[in-house]
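A short write-up of the structure that comes next.
In mature numbering (1 follows the signal peptide of the UniProt record, and there is no 0), the protein residues as written are -19 to -1, 1 to 135.
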């Protein structure tokens, strides 16, 4: 509850923060795949989880976020609006299934988020609380190239 109050105060102070994709859908996807977790533990983690990103990812969870950033970058290159696009998905028998009834961009956005959530699930044992609320001072190295990342959609 305190986090929500803090977020509301920040929005009132600085205006609305534009978050890529639908944070509500991503949150639901994380909770269905991983369970009742606090999604905020992924929002400011390492060098790449959350808004922005730079530097060398600190661990497997941070690499998940790096790949997700690359996936969104590729969608933006295709002029898919990642900032306000909604998508639909189902969760059946432990699997995330993106709707085939959505348009191309919405399907691809869903796939980017699905890959992120599945990566979080595979690597949840590597989550390191020391990387939560990481400062940008600790992420000054040059970021890897997205072309080196093999887990991209499209």
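The C-beta atom is built at its ideal place from N, Cα and C for all residues, glycine as well.
Which of helix, strand or coil DSSP assigns to residue i
i: residue 90; result: helix
i: residue 19; result: coil
i: residue 79; result: strand
i: residue 67; result: coil
i: residue 53; result: helix
i: residue -7; result: With a pLDDT of 37 at residue -7, under the threshold of 50, the modelled position of that residue is not reliable, and the figure given next carries that caveat. Helix at residue -7.
i: residue 97; result: helix
Integer-rounded CB distance, given that residue j should sit under 8 angstroms from residue i
i: residue 31; j: residue 24; result: 5 angstroms
i: residue 27; j: residue 112; result: 5 angstroms
i: residue 56; j: residue 88; result: Not really, about 10 angstroms apart at Cβ, beyond 8 angstroms.
i: residue 40; j: residue 109; result: 6 angstroms
i: residue 61; j: residue 86; result: 3 angstroms
i: residue 22; j: residue 77; result: Not really, about 20 angstroms apart at Cβ, beyond 8 angstroms.
Counted within 10 angstroms of its Cβ, other Cβ atoms place residue i as buried (16 or more) or exposed
i: residue 36; result: buried
i: residue 68; result: buried
i: residue 116; result: exposed
i: residue 128; result: exposed
i: residue 66; result: buried
Cut-off 7 angstroms between Cβ atoms - residues of its own chain near residue i, not counting five sequence neighbours on either side
i: residue 114; result: 25
i: residue 120; result: 28, 35, 36
i: residue 54; result: 127
6 angstroms Cβ shell around residue i - same chain, five flanking residues per side excluded
i: residue 126; result: none
i: residue 123; result: none
i: residue 100; result: 45
i: residue 20; result: 8, 11
i: residue 73; result: none
Interface flag, residue i vs chain C, CB-CB below 8 angstroms
i: residue 86; result: No chain C appears in the structure shown, which is made up of a single protein chain.
Cβ neighbours of residue i in the same chain (closer than 8 angstroms, five flanking residues each side left out)
i: residue 38; result: 27, 28, 29, 44, 46, 47, 125
Are at least three pairs of beta-carbons, each pair with one atom in the segment 88 to 99 and one in the segment 3 to 13, less than 8 angstroms apart?
yes
Cβ contact (3+ pairs, closer than 8 angstroms) linking the segment 104 to 111 and the segment 40 to 52:
yes
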